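Using this note's numbering, you'd call the opening residue of the sequence shown number 4 and step up by one each time.
For every residue, glycine included, the Cβ atom is placed at its ideal position computed from N, Cα and C.
For clarity, every value in this text was computed on a predicted model and none was experimentally measured.
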Amino acid sequence: MRLEILTMSEFEKTKGRLIIIPFGSIEEHGPHLPLGTDAIIAYELVLAAAQKTDILAAPPIYYGVCRSTKEHPGTITISGSVLRNLTRDIIKGFVRQGCTRFILFSGHAGSIHMASLKEVGEELLEENVIEKIAILSILDLIDEKLGLETKNDSHAGELETSLIQYLHLNWVKGEAIEDYPHFPSFLLVKNKRKYWPSGIWGNPKVANPTKGKKFFAQLVQKLMVIIEKLKE
């Protein structure tokens, strides 16, 4: 079920259901994909899973922690503390409504972003605020069986481009290059755009809507496995 279109009376009947909250970012995705790609994909996957089982799909959180792309046009990053506080408050709000099991599913897989979500989950478990929680990104659902041609595909490449082509073809604009940036080893740099001007990590040239349809179906099935574990 889709949370934001429920009435008060309809929501009252869902008490105790597993809640899935999709996360994403407003972040550059090369010259060809929308800034909201991460949240768009995560939400579509969550909605598809919600149609297959009795879970409650919450609206997506569009803003995330984007350290590597914050100098690129269009990226709007928030701090880890803001993400933690927002996530904590949202979960506690659901708890007050009788919900205690959660999946935080992120289409954005930045290390600080994911660490912030996991820190909140750990704290709420230790405080006995919630019963169960799973925290994962779309990258956690990717394996060899998915059938990606591109190795190390992670940002605006084959997977994300194929998925957006399948879900919203008219949102893909123009063409993009294949790119695999190289950052200095161990050295933190302020202007990461200098080392990653394309904003692409992978090969969008091999993407197509047919692949996107196949990838989408497989990712939904993998997400369903996590959902069923949390429902036990």
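With a minimum length of 4 residues, the unbroken runs of alpha helix (DSSP H) contained wholly in the segment 151-218 fall at 161-170. Residue state for T90 is assigned as helix, using DSSP reduced to three classes. If you look at S109, you'll find it in the beta strand (DSSP E) that goes R104 to S109. Distance between S109 and E235, taken at the CA atoms: about 22 Å. If you draw a straight line from the Cα of I44 to the Cα of L166, it is about 7 Å long. Annotation for I115: V68, R70 and G83 place their beta carbon closer than 8 Å to its own, counting only its chain and skipping 5 residues before and after. For the pair L9 and R104, the CB atoms are not nearer than the 8 Å cut-off. A check of alpha carbon separations from M227 across S28, R87, A51 and G33 identifies A51 as the nearest. Look at R20 here: in three-state DSSP terms it is coil, with no helix or strand label.
When DSSP states are grouped into helix, strand and coil, A61 belongs to the coil group.
Taking the CA atoms as reference points, S140 sits about 14 Å from Y65. Taking the Cα positions, F97 is about 28 Å away from F219. Counting only residues of its own chain and dropping the five nearest sequence neighbours on each side, H32 has a CB closer than 6 Å to the CB of T40 and A159. P207 and A179 do touch by the CB rule: their CB atoms are close to 5 Å apart, below 8 Å. Less than 8 Å divides the Cβ of H35 from the Cβ of T164.
The Cβ atoms of I94 and I133 lie closer than 8 Å to each other. With a threshold of 16 other beta carbon atoms within 10 Å, S188 falls short and is exposed. The DSSP-derived three-state label of A137 is strand. In the displayed model, L149 falls within a helix according to three-state DSSP.
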